[in-house]
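*Asks:* Take this structure, written in structure tokens, and hold onto it; I'll ask about it next.
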Amino acid sequence: MSRSDDTSATQQLTLADVRAAAARIAGQVVATPMLHSRTLSQIAGADIWLKFENLQFTAAYKERGALNALLLLDEERRSRGVIAASAGNHSQGLSYHGTRLGVPVTIVMPKTTPTVKVMQTESVGGQVELFGETFDEAYAHARQLEKERGLTFVHPFDHPDVAAGQGTVALEMLEAQPDFDCLVVPIGGGGLMSGMATVASAINPAIEMVGVQAQLYPSMFARLRGEEAVCGGDTLAEGIAVKAPGEFTSQIIAALVDDILLVSEPALEHAVALLLQIEKTVVEGAGAAGLAAVLANPERFRGKKVGLVLCGGNIDTRLLANVLLRDLARAGRIARLKIQLQDRPGALYAVMGVFDAHNVNILEIHHQRIFTSLPAKGLFTEIECEARDAAQLEGLIEALRAKGYSVGKVELD
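In terms of our numbering, the sequence shown opens at residue 37 and continues consecutively.
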């Protein structure tokens with residue numbers, strides 16, 4: 037993908053705007069650490085640096101843009117209040133800083149929004165109104181309330197003031213390490229990338245700007261290629277699951293971004309698990325998208341100094357547990373084996389002996405006698421087990437087959 041020559045949007049957002057935003061929000065958001073990851077660098081074959089935006093108070097970079105937009109309001113608009121449509125991190129960032137500044141904040145969310153997200157937003161001071169079944173319906177209602185109540189709408193991404201605040205992430209990164217070869221940045225609506233690309237292109241134009249989207253939601257990827265995006269499905273990276281990217285941000289990205297990569301759901305899951313296992317940090321799917329892209333495209337990034345933004349850490353704990361267990365399964369650390377047995381005393385005991393001989397731990401056992409195509413005297417047993425690694429598991433399977441058992445693995449999709 038090549039950069040366009042359109043300068044209309046880039047004139048609305050400059051390095052000076054981002055520097056002014058940085059001065060404006062200084063001391064009111066966390067200047068998050070950026071650290072080198074020795075282990076991830078070895079795995080990726082690149083020099084990996086991580087910007088920990090998941091350590092903001094609301095666990096996401098969205099605070100920066102929301103706060104900058106709030107601070108630019110005059111007293112009259114502050115007193116009337118602001119409104120936004122969001123079921124994600126923008127709602128929490130805007131609610132937190134609006135409440136802190138004494139600005140009434142209304143957030144319109146779809147009725148389908150998980151209760152935990154409603155509660156999180158209300159816990160930091162936002163007034164939540166549920167409307168419609170989809171984000172588009174909630175967004176339209178928010179714009180209607182904006183007019184009816186005289187509120188100021190604060191867009192989650194498609195505005196220069198918001199993008200300027202998000203760009204302070206790159207400002208901090210490049211002040212610490214100005215010689216990156218590339219910055220890999222998640223893209224949903226495009227606010228974070230717009231701000232960061234503006235900074236990088238002004239400070240060091242040689243830095244390659246690479247965006248990342250989930251394969252299920254390739255909206256910006258398709259738009260910049262003049263294609264129609266097919267978006268939908270349950271992605272782990274719901275923070276960047278945007279069907280329609282911003283108009284303003286699309287122009288900035290077309291002008292300043294070199295490439296956009298798409299990442300699969302297994303790649304996102306693996307990246308979330310690696311960041312927890314190696315860096316001991318919790319990120320949501322969108323926050324892991326940059327690492328997922330680097331690991332999925334090793335030749336593209338090999339030997340380069342790469343900056344990644346861990347843009348958010350708001351992930352449901354049960355979902356995180358599922359991600360970790362699925363990653364163990366893909367690595368061959370845990371498995372479910374389906375074994376055909378005769379339904380008679382001692383049959384299961386004999387199988388247990390093989391597990392014991394190979395030092396493979398049994399987690400759960402399920403017998404299936406009824407819903408099977410086997411004869412009445414046969415059964416399937418499904419055994420969930422835990423091994424040291426894939427090689428140990430394969431050794432167990434080979435030993436079971438050598439003793440005459442029919443063994444299959446229940447695979448992940």
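Note that the Cβ used here is the ideal one computed from N, Cα and C, for glycine as well. Because the structure is a prediction, the values reported are computed rather than measured.
Going by DSSP, which residues form a beta bridge with Asn-397?
*Replies:* Your numbering for residue 397 matches position 361 in the sequence shown. Answer by DSSP bridge pairing, in chain order: Glu-422.
*Asks:* By how many angstroms is the C-alpha of Gly-162 removed from the C-alpha of Leu-142?
*Replies:* Stepping through the sequence shown from its first residue, residue 142 is reached at position 106. Stepping through the sequence shown from its first residue, residue 162 is reached at position 126. The question names Leu, yet the displayed sequence has Thr at residue 142. Rounded to the nearest angstrom, the two C-alpha atoms are 6 angstroms apart.
*Asks:* From the DSSP output, which residues share a beta bridge with Met-145?
*Replies:* Here the question's residue 145 lines up with position 109 in the sequence shown. DSSP output for Met-145 lists Leu-166 as bridge partner(s).
*Asks:* Quick one, are the C-beta atoms of Pro-254 and Ala-265 less than 8 angstroms apart?
*Replies:* Stepping through the sequence shown from its first residue, residue 254 is reached at position 218. Stepping through the sequence shown from its first residue, residue 265 is reached at position 229. Contact: yes.
*Asks:* Pick helix, strand or coil for Phe-257, following the three-state DSSP scheme.
*Replies:* For the purposes of this step, residue 257 is taken as the residue at position 221 of the sequence shown. Looking at Phe-257 - three-state DSSP - the assignment turns out to be helix.
*Asks:* Between Glu-99 and Ala-176, what straight-line distance do the alpha-carbon atoms span, to the nearest angstrom?
*Replies:* By 1-based counting over the sequence shown, the position of residue 99 is 63. By 1-based counting over the sequence shown, the position of residue 176 is 140. Distance between the alpha carbons of Glu-99 and Ala-176 is about 23 angstroms.
*Asks:* How is the beta strand (DSSP E) around Ile-223 delimited, first residue to last?
*Replies:* The residue labelled residue 223 in the question sits at position 187 within the sequence shown. Taken as a continuous stretch (DSSP letters only), Ile-223 belongs to no beta strand (DSSP E), as it is neither H nor E.
*Asks:* Taking C-alpha atoms, which residue in Thr-151, Gly-186 and Val-164 lies nearest to Ser-115?
*Replies:* The residue given as residue 115 occupies position 79 in the sequence shown. Per the Cα distances, Gly-186.
*Asks:* DSSP three-state call for Ile-239: helix, strand or coil?
*Replies:* Residue mapping note: residue 239 aligns to position 203 of the sequence shown, counting from 1. Helix at Ile-239.
*Asks:* Going by the beta-carbon positions, is the gap between Ala-178 and Ala-120 smaller than 8 angstroms?
*Replies:* What you label residue 178 is simply residue 142 of the sequence shown in a count that begins at 1. What you label residue 120 is simply residue 84 of the sequence shown in a count that begins at 1. Yes; because the gap between Cβ atoms is below 8 angstroms, this pair is in contact.
*Asks:* If Leu-304 and Ala-277 are in contact, beta carbons under 8 angstroms, what's the gap, nearest whole angstrom?
*Replies:* The count along the sequence shown starts at 1 and reaches residue 304 at position 268. The count along the sequence shown starts at 1 and reaches residue 277 at position 241. That belief does not hold up - the Cβ atoms of Leu-304 and Ala-277 are roughly 11 angstroms apart, past 8 angstroms.
*Asks:* Just to confirm, is the Cβ distance from Val-220 to Val-359 under 8 angstroms?
*Replies:* For the purposes of this step, residue 220 is taken as the residue at position 184 of the sequence shown. For the purposes of this step, residue 359 is taken as the residue at position 323 of the sequence shown. Contact: no.
*Asks:* I'd like to know if the region 232-242 and the region 278-285 are in contact, where contact means that at least 3 CB-CB pairs between them fall below 8 angstroms.
*Replies:* Too few Cβ pairs lie closer than 8 angstroms, so no.
*Asks:* Could you work out which residue in Gly-138, Leu-137 and Thr-148 is closest to Gly-124 when comparing CA atoms only?
*Replies:* Reading the sequence shown from its first residue, position 88 is the one you call residue 124. Comparing Cα positions, the closest option is Thr-148.
*Asks:* Count the other CB atoms within 10 Å of the CB of Gln-128; is the residue buried (16 or more) or exposed (fewer)?
*Replies:* Your numbering for residue 128 matches position 92 in the sequence shown. Gln-128 comes out buried.
*Asks:* Quick one: give me the first and last residue of the alpha helix (DSSP H) that Lys-340 is part of.
*Replies:* Looking up residue 340 in the sequence shown gives position 304. Counting along the chain, Lys-340 falls outside any alpha helix (DSSP H), and DSSP gives it neither H nor E.
*Asks:* Helix, strand or coil for Val-248 per DSSP?
*Replies:* Start at 1 with the first residue of the sequence shown, and residue 248 comes out as number 212. Val-248 falls in the strand class under three-state DSSP.
*Asks:* How about the region 220-233 and the region 301-316: do they share at least three Cβ pairs that are nearer than 8 angstroms?
*Replies:* Judged by Cβ distances under 8 angstroms, the region 220-233 makes no contact with the region 301-316, as fewer than three pairs qualify.
*Asks:* Is the beta carbon of Glu-89 less than 8 angstroms from the beta carbon of Val-246?
*Replies:* For the purposes of this step, residue 89 is taken as residue 53 along the sequence shown, with counting starting at 1. For the purposes of this step, residue 246 is taken as residue 210 along the sequence shown, with counting starting at 1. No; because the gap between Cβ atoms is not below 8 angstroms, this pair is not in contact.
*Asks:* Please work out which residues of its chain come closer than 7 angstroms, Cβ to Cβ, to Ser-77, disregarding the five sequence neighbours upstream and downstream, and give them in chain order.
*Replies:* Counting from 1 along the sequence shown, the entry for residue 77 is found at position 41. Cβ within range, chain order: Asp-83 and Ile-84.
*Asks:* By how many angstroms is the C-alpha of Val-118 removed from the C-alpha of Glu-451?
*Replies:* A question about residue 451 goes unanswered here, because the residues of the chain that appear run from 37 up to 449.
*Asks:* Assign Ile-61 to one of three DSSP states: helix, strand, or coil.
*Replies:* To locate residue 61, count along the sequence shown from 1; it is residue 25. Looking at Ile-61 - three-state DSSP - the assignment turns out to be helix.
*Asks:* Answer yes if the region 94-109 comes into contact with the region 198-212, meaning at least three C-beta pairs across the two stretches below 8 angstroms, and no otherwise.
*Replies:* A contact exists between the region 198-212 and the region 94-109.
*Asks:* Going straight from the alpha carbon of Gly-349 to that of Leu-356, what length do you get?
*Replies:* To locate residue 349, count along the sequence shown from 1; it is residue 313. To locate residue 356, count along the sequence shown from 1; it is residue 320. One C-alpha to the other measures close to 11 angstroms.
*Asks:* Cβ of Tyr-385 within 7 angstroms of any heavy atom in the ligand NAD?
*Replies:* As for the ligand NAD, it is missing from this structure, which has no ligand bound.
*Asks:* Report the three-state DSSP secondary structure of Gly-134 (helix, strand or coil).
*Replies:* The residue given as residue 134 occupies position 98 in the sequence shown. Of the three classes helix, strand and coil, the one that applies to Gly-134 here is helix, per DSSP.
*Asks:* Enumerate in chain order the residues of its own chain whose CB-to-CB distance from Thr-94 is below 7 angstroms, with the five nearest sequence positions on each side excluded.
*Replies:* Taking the first residue of the sequence shown as 1, we reach residue 94 at position 58. Only Asn-125, Gln-128, Gly-129, Tyr-132 and Val-160 meet the Cβ criterion.
*Asks:* Would Gln-249 be called buried (16 or more neighbouring beta carbons within 10 Å of its own) or exposed?
*Replies:* Within the sequence shown, residue 249 is the residue found at index 213, counting from 1. Buried, by the Cβ-count rule.
*Asks:* Quick one: what's got a C-beta closer than 6 angstroms to Glu-165's C-beta in the same chain, skipping five residues either side?
*Replies:* Counting from one through the sequence shown, the residue named residue 165 turns up at place 129. If we look at Glu-165 and ignore the five residues flanking it on each side, its Cβ neighbours are Val-144.
*Asks:* Report, in whole angstroms, the separation of the C-beta atoms of Lys-374 and Phe-416, which I expect to be a contact under 8 angstroms.
*Replies:* The count along the sequence shown starts at 1 and reaches residue 374 at position 338. The count along the sequence shown starts at 1 and reaches residue 416 at position 380. 6 angstroms between Cβ atoms; contact.
*Asks:* Would you give the residue range spanned by the alpha helix (DSSP H) that Gln-156 belongs to?
*Replies:* Locating residue 156 in the sequence shown gives position 120, counting from the first residue. Per DSSP, Gln-156 belongs to the alpha helix (DSSP H) from 151-159.
*Asks:* Taking the C-alpha atoms as reference points, what is the distance between Leu-399 and Phe-391?
*Replies:* Here residue 399 corresponds to residue number 363 of the sequence shown, with the count starting at 1. Here residue 391 corresponds to residue number 355 of the sequence shown, with the count starting at 1. Taking the straight line from one Cα to the other gives about 12 angstroms.
*Asks:* What is the DSSP secondary structure of Phe-416, reduced to helix, strand or coil?
*Replies:* Start at 1 with the first residue of the sequence shown, and residue 416 comes out as number 380. Strand at Phe-416.
*Asks:* So for Lys-183, helix, strand or coil by DSSP?
*Replies:* Stepping through the sequence shown from its first residue, residue 183 is reached at position 147. Reduced to three states, the DSSP call for Lys-183 is helix.
*Asks:* Which same chain residues, not among the five before or five after Lys-489, have their C-beta less than 6 angstroms away from its C-beta?
*Replies:* As displayed, the chain neither begins before 37 nor continues past 449, which places residue 489 out of reach and without an answer.
*Asks:* Decide if Tyr-97 is buried, meaning its Cβ has at least 16 other Cβ atoms within 10 Å, or exposed.
*Replies:* In the sequence shown, the residue the question calls residue 97 occupies position 61. Buried: at least 16 other Cβ atoms inside 10 Å.
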